[in-house]
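What follows is one structure encoded as structure tokens, with my remarks underneath.
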Amino acid sequence: MSIQLAISGGSPVLQPGDVTPWPYITEEDKKAVLAVLEHGNMAEQRTEQAEKLKAEWAAYVGVKHCIPVCSGTAALHLCVAGLGLEPGDEVIVPAFTYWASAAAVLHHNCIPVFVDIDPVTYTIDPGLIEEAITPRTRAIMPVHIHGMSADMGPILEIAARHGLGVIEDGAQAQGATYKGQKVGSLGDCAGFSLQMSKNLTSGSEGGLFVCKDDTVQKRAALLEYLGEVVVPGRERQTQKYNAYGLGWAYRPDTLGEAMTRSRLRHLDQDNAGRIRNCEFLNDRFAEIKGVEPPATVEDRQPVYYCYVLGLKPSKLGLQIDATVFRDKFMEALQAEGVPCGMWQRLPVPAQEIFQTRVGYGKGCPWSCKYGREVDYRGQETPRTGEFIASHVYLTQVAPPNDTDVMAKYVDAVAKVLNHADELI
Ligand SMILES: Cc1ncc(COP(=O)(O)O)c(C=O)c1O
1433 MSIQLAISGG SPVLQPGDVT PWPYITEEDK KAVLAVLEHG NMAEQRTEQA EKLKAEWAAY
1493 VGVKHCIPVC SGTAALHLCV AGLGLEPGDE VIVPAFTYWA SAAAVLHHNC IPVFVDIDPV
1553 TYTIDPGLIE EAITPRTRAI MPVHIHGMSA DMGPILEIAA RHGLGVIEDG AQAQGATYKG
1613 QKVGSLGDCA GFSLQMSKNL TSGSEGGLFV CKDDTVQKRA ALLEYLGEVV VPGRERQTQK
1673 YNAYGLGWAY RPDTLGEAMT RSRLRHLDQD NAGRIRNCEF LNDRFAEIKG VEPPATVEDR
1733 QPVYYCYVLG LKPSKLGLQI DATVFRDKFM EALQAEGVPC GMWQRLPVPA QEIFQTRVGY
1793 GKGCPWSCKY GREVDYRGQE TPRTGEFIAS HVYLTQVAPP NDTDVMAKYV DAVAKVLNHA
1853 DELI
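Numbering of the sequence shown is given in the working numbering, commencing with residue 1433 and proceeding in unit increments.
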């Protein structure tokens, strides 16, 4: 290994081609998509792929109902609608998430109220939820971030005590478990994303809504199909072209569903590969001064959507601003050929839409007759801010990359840390 940093002209630890990008596509995945195209009747395939995916994903998660849709955000919007939420109702959301979690709330003219995260797991802190509950609160939306389940026990207990619904955002955690139970089966309903980077993906875009209750399913199904009631496969015979309520065109893509069904067959194997790789990283990084592996928690099996590496420059004797060190470290690590970067740059309530509350225009939904003008401007979510300042994301931790590739990630991190003083 070159002793000079690649950023200073040394040779990088990883060479082009060492890392395989996600998602890798199997021969079976290709055949599944091709079979739809070769079938000869796309209308029949639309029904077949959707119905089979519904049954297979519901069985995998352990719930009664599933509705495939066009995105994870749409699936979460179906959750909000499925629970019967109405304009002005409030939903508690973590400050650290992709803002789609909160957008799904706003899309239904409801109001997100943000709560800071637990500093160990980076999921919503149940201890902070009750002080955010108001007479308008109707639901809590825990987000299973980076493949780690939120602490569902106390969240469900608070929800039951206050008569609130629980919407699980499982976009980044297909297959993760809490006390042995799959995420998505713990709350009232859940939304999953099938976007390209996700553990279970259509290869492009898509989403999956799930729930246990028939009424929740019926309300969500109306929203998915522009407010109409349709019998899959019998649209022409039974569709009344009568909208029973406001709905969206959230219908899924047939080819994506075929791909998702094929990939669902190797989801557990893929997740096992991620876990093997990331546990290897956990062990190695625990021995390196200046970095901190993500926490593991008894009773929660994460599926490592990505790997978050904490940076501790003070342990190297460096007095430097966390953000400055993070950016310099990341730049040097990228030069070594490690796929790494940042995700969220700001806590969600600090983003422009919440600071200015423009919404749909004229300040809606906050200023609408039923809304509450929640002021996000003074809101402090210090743990979310600290997390963002002090972590980098190592990506491509999924198969077919194996522990040999992970060992090179470790070598590269060690090399950069050995030269940490050169970075500043
Ligand atoms: C935590 C979280 N929630 C929701 C979503 C939205 O999913 P989609 O992009 O499929 O709409 C994402 C997607 O990146 C996400 O990471």
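Backbone N, C-alpha and C define an ideal beta-carbon position, used for all residues, glycine too.
Between Val1648, Met1580, Asp1807, Ala1830, which has its C-alpha nearest Val1729's C-alpha? That would be Met1580, whose Cα lies nearest to the Cα of Val1729.
Suppose you measure from the CA of Ile1457 to the CA of Ala1482; what does that come to, to the nearest Å? It is roughly 21 Å from the alpha-carbon of Ile1457 to the alpha-carbon of Ala1482.
Output needed for Ser1694: all residues of its chain with C-beta closer than 7 Å, excluding positions within five of it in sequence on either side, in chain order. Excluding residues within five positions, the ones whose Cβ falls inside 7 Å are Glu1460, Asp1461, Ala1464.
Based on the DSSP secondary-structure assignment, which residues constitute the bridge partners of Glu1724? As DSSP reads the structure, Glu1724 sits in a beta bridge with Gly1742.
For Leu1849, which of helix, strand or coil comes out of DSSP? Leu1849 falls in the helix class under three-state DSSP.
Kindly indicate which residue of Tyr1737, Gln1733, Leu1765 has the alpha-carbon position closest to the one of Leu1743. Nearest C-alpha to Leu1743: Leu1765.
Are the beta-carbon atoms of Pro1574 and Ile1556 separated by less than 7 Å? Taking C-beta atoms as the reference points, Pro1574 and Ile1556 count as a pair closer than 7 Å.
Determine the contact status of Thr1452 and Asn1833, defining contact as a CB-CB distance below 7 Å. In this structure, Thr1452 places its C-beta atom within 7 Å of the C-beta atom of Asn1833.
Minimum C-alpha distance to Gln1787 - residue among Asp1807, Gln1669, Trp1680: Answer by Cα proximity: Asp1807.
Cβ of Thr1647 within 6 Å of any heavy atom in ligand 1? Every heavy atom of ligand 1 is 6 Å or more from the Cβ of Thr1647, so no.
Boundaries (first-last residue) of the alpha helix (DSSP H) holding Arg1804: Counting along the chain, no alpha helix (DSSP H) covers Arg1804, and no H or E run does either.
Taking just the CA atoms, how far does Gly1441 sit from Arg1716? Between Arg1716 and Gly1441, the alpha-carbon positions lie close to 27 Å from each other.
Nearest-angstrom beta carbon gap, Lys1721 and Leu1748 [assumed within contact, 8 Å]: Rounded, the Cβ-Cβ distance is 6 Å, consistent with contact.
In three-state DSSP terms, what is Ala1603? Reduced to three states, the DSSP call for Ala1603 is coil.
For the alpha helix (DSSP H) containing Pro1586, list its first residue and its last residue. It spans 1584-1594 - the alpha helix (DSSP H) in which Pro1586 sits, taken as one unbroken run.
Ser1581 at chain B interface by Cβ criterion, 7 Å: The structure shown contains no chain B; it is built from a single protein chain.
Where DSSP assigns a beta bridge to Ile1549, which residues make up the other side? Partner(s): Ile1556.
Under a three-way DSSP split, which group does Leu1855 fall into? Helix at Leu1855.
To the nearest angstrom, report how far apart Arg1668 and Asp1685 are at their CA atoms. In a straight line, the C-alpha of Arg1668 is about 19 Å away from that of Asp1685.
Start-to-end residues for the beta strand (DSSP E) that takes in Val1468: Membership of Val1468 in any beta strand (DSSP E) is not indicated; the residue belongs instead to the alpha helix (DSSP H) covering 1459-1471.
By how many angstroms is the C-alpha of Glu1470 removed from the C-alpha of Tyr1530? When rounded, the distance between both Cα atoms is 38 Å.
Secondary structure at Glu1768, three-state DSSP: helix, strand or coil? Note: Glu1768 maps to coil in three-state DSSP.
Could you check if Thr1505 belongs to the surroundings of ligand 1, using beta carbon to heavy atom distance under 6 Å? Yes, since a heavy atom of ligand 1 falls inside the 6 Å radius drawn around the Cβ of Thr1505.
The alpha helix (DSSP H) enclosing Leu1713, as first and last residue numbers: Element bounds for Leu1713: 1699-1718.
Local conformation of Glu1656 per DSSP, three classes: DSSP places Glu1656 in helix when its eight states are reduced to three.
Reduced DSSP category for Thr1647 - H, G, I as helix; E, B as strand; rest coil: The answer is helix: DSSP assigns Thr1647 an H, G or I state.
Could you tell me if Ile1435 is buried or exposed, where buried requires 16 or more neighbouring beta carbons within 10 angstroms of its beta carbon? Within a 10 Å sphere around the beta-carbon of Ile1435 sit fewer than 16 other beta-carbons, which makes this residue exposed.
Whose C-beta lies closer than 8 Å to the C-beta of Asn1714 among residues of the same chain, with five residues either side of it excluded? Excluding sequence neighbours, Asn1714 sits near Pro1725, Pro1726, Thr1728.
With a threshold of 6 Å (Cβ to nearest heavy atom), would Tyr1530 be considered close to ligand 1? Correct: Tyr1530 has its Cβ closer than 6 Å to ligand 1.
How many angstroms separate the CA atom of Pro1586 from the CA atom of Ala1490? Cα-Cα distance, rounded: 25 Å.
Report the partner residues of Gly1623 according to the DSSP bridge assignment. Beta-bridge partners of Gly1623 (DSSP): Asp1601, Phe1641.
Nearest-angstrom Cα distance between Tyr1825 and Trp1775? Distance between the alpha carbons of Tyr1825 and Trp1775 is about 7 Å.
Flag this pair as yes or no: are the beta carbons of Tyr1737 and His1578 separated by less than 7 Å? In this structure, His1578 lies closer than 7 Å to Tyr1737 by Cβ.
Taking Cβ positions, are Gly1597 and Leu1515 nearer each other than 7 Å? Leu1515 sits close to Gly1597, with the two beta carbons spaced by under 7 Å.
Asp1620: CB within 6 Å of a non-hydrogen atom of ligand 1: It does not: the Cβ of Asp1620 is nowhere closer than 6 Å to a heavy atom of ligand 1.
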